[in-house]
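Enquirer: Position 90 (the sequence shown) corresponds to 90 in this note's numbering; numbering is contiguous.
One structure, pasted below without further comment.
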Amino acid sequence: MLLRKYLSLLGIGSAQVDLVLDKETYKPGEKVEGYFRIKGGTIEQQLKRIECDLVMDNERTGNEEVIHTSTILTSTTITSDGDSRFPFAFRLPDDLEVSTESRSYGFKTRLFFKEGVESVDHDEIQIAW
Numbered sequence: 001m002l003l004r005k006y007l008s009l010l011g012i013g014s015a016q017v018d019l020v021l022d023k024e025t026y027k028p029g030e031k032v033e034g035y036f037r038i039k040g041g042t043i044e045q046q047l048k049r050i051e052c053d054l055v056m057d058n059e060r061t062g063n064e065e066v067i068h069t070s071t072i073l074t075s076t077t078i079t080s081d082g083d084s085r086f087p088f089a090f091r092l093p094d095d096l097e098v099s100t101e102s103r104s105y106g107f108k109t110r111l112f113f114k115e116g117v118e119s120v121d122h123d124e125i126q127i128a129w
């Protein structure tokens, strides 16, 4: 048990997050809905918060721009066999430019625990008219 705890502190066997969205293509100003699915790791972990950034990647410059951050504060315990869901809703800005070969958008989700390494997920979305 102690070995599993130390491994999860290093990120091995810790809880994992997946942002599940209703669809992949959106229009500027549209509401994005879905849920965060959190699957327990090898040990019980205390979740402190969930952060989700809407990011724009510019392939030409290699820059990633955070457009907006959404944070859920919690003190939920994620059990080793747990499968939790937290609702997600976000309204896209009205002034987003459409996705192109050099401009892409996505949601970068991070779990922060009382102890242990953060868990990260990245989900691409398309912005179209």
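Where is the CB? At the ideal position from N, CA and C, for every residue including glycine.
(1) Check whether the Cβ of Glu64 lies closer than 9 angstroms to any Cβ atom in chain C.
(2) If you draw a straight line from the alpha carbon of Leu9 to that of Trp129, how long is it in whole angstroms?
(3) From Ala15, Ser99, Ile50, Asp18, pick the residue whose C-alpha is nearest to that of Ser70; which is it?
(4) On the DSSP bridge assignment, give the partners of Val25 in chain order.
(5) Please state the DSSP three-state secondary structure of Glu97.
(6) Among residues of its own chain, excluding the 5 on either side of Cys52, which ones have a beta-carbon nearer than 6 angstroms to its beta-carbon?
(7) Who are Ser104's beta bridge partners in DSSP?
(8) According to DSSP, simplified to helix, strand and coil, what is Thr109?
(9) Indicate the three-state DSSP secondary structure (helix, strand or coil) for Gly116 in the structure shown.
(10) Taking all protein chains shown into account, decide if Ser99 is buried (16 or more other Cβ within 10 angstroms of its Cβ) or exposed.
(11) Do Arg91 and Tyr35 have their C-beta atoms closer together than 9 angstroms?
Expert: Put simply:
(1) Annotation note: the requested chain C is absent from the structure, which comprises a single protein chain.
(2) Low per-residue confidence applies at Leu9: pLDDT is 45, beneath 50, and the placement is therefore not dependable enough to give any value.
(3) Ile50
(4) Per the sequence shown, residue 25 should be read as Thr rather than Val. BP columns for Thr25 point to Gln126.
(5) coil
(6) Once the five neighbours on either side are set aside, the close Cβ partners of Cys52 are Ser70, Phe107, Thr109.
(7) By DSSP's assignment, Ser104 forms a beta bridge with Asp57.
(8) strand
(9) Note: Gly116 maps to coil in three-state DSSP.
(10) buried
(11) no
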